[in-house]
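For our numbering, count along the sequence shown from 1 and bump the result up by 1. Just so you know, even glycine gets a beta-carbon here, dropped at the ideal spot from N, CA and C.
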Amino acid sequence: MPDHRRILGPVVLALALVLPAGAHAEESYGMRLLTKAQQGLGNMALGWMEMGKNVVNISSQNGFACGVTYGVIRGAAHVVGRTVVGAVEFITSPIPTDDFVTPPYIWDRPSEDTRYFGLHLPGEWTEFGPLDDGGMGR
Numbered sequence: 002m003p004d005h006r007r008i009l010g011p012v013v014l015a016l017a018l019v020l021p022a023g024a025h026a027e028e029s030y031g032m033r034l035l036t037k038a039q040q041g042l043g044n045m046a047l048g049w050m051e052m053g054k055n056v057v058n059i060s061s062q063n064g065f066a067c068g069v070t071y072g073v074i075r076g077a078a079h080v081v082g083r084t085v086v087g088a089v090e091f092i093t094s095p096i097p098t099d100d101f102v103t104p105p106y107i108w109d110r111p112s113e114d115t116r117y118f119g120l121h122l123p124g125e126w127t128e129f130g131p132l133d134d135g136g137m138g139r
């Protein structure tokens, strides 16, 4: 007899990542709850990608040596930050709030700084990096 708990977790995660997040204009309570839960699951599962994102962006901006030192340190901090914020976002998904992390998913605007609660922390770059076109192609 298969253990349904071992199958349910990956299925729920896959559905949360695949379902469309929907438009942000006047969403219903149910859609906002689903979007926030989806963002939380995505950020918990893929927060580790912040490491590579920061190394690439810092290397592009300041050179390879800075990328493999400061980029790794900053990436590690953002891995923890995005993962913890994702857990909080998932747990509080029934409570309507603004996004806790910007961009809401790691794959959205990959060269953009990760910001928490709308704050732009010191030492973060403001130029668009090598991984996207700065949103100009959208």
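Query                                                                     : Result
8 Å contact criterion, which Q1 and Y106 should meet: CB distance rounded : Outside the modelled stretch of the chain, which goes from 2 to 139, sits residue 1, for which no answer is possible.
CB of R116 within 9 Å of CB of T103, strictly                             : yes
Pair within 9 Å by beta-carbon distance, V57 and G72                      : yes
Alpha-carbon spacing of A78 relative to D109, whole angstroms             : 19 Å
Straight-line gap, V69 to V80 (C-alpha atoms, nearest Å)                  : 15 Å
Candidates S60, L35, F65 and G76, of which the one nearest M50 by Cα      : G76
Alpha-carbon spacing of A46 relative to Y30, whole angstroms              : 24 Å
Range of the contiguous alpha helix (DSSP H) that encloses M45            : Y30 to L47
Three-state class that DSSP yields for T98 in the structure shown         : coil
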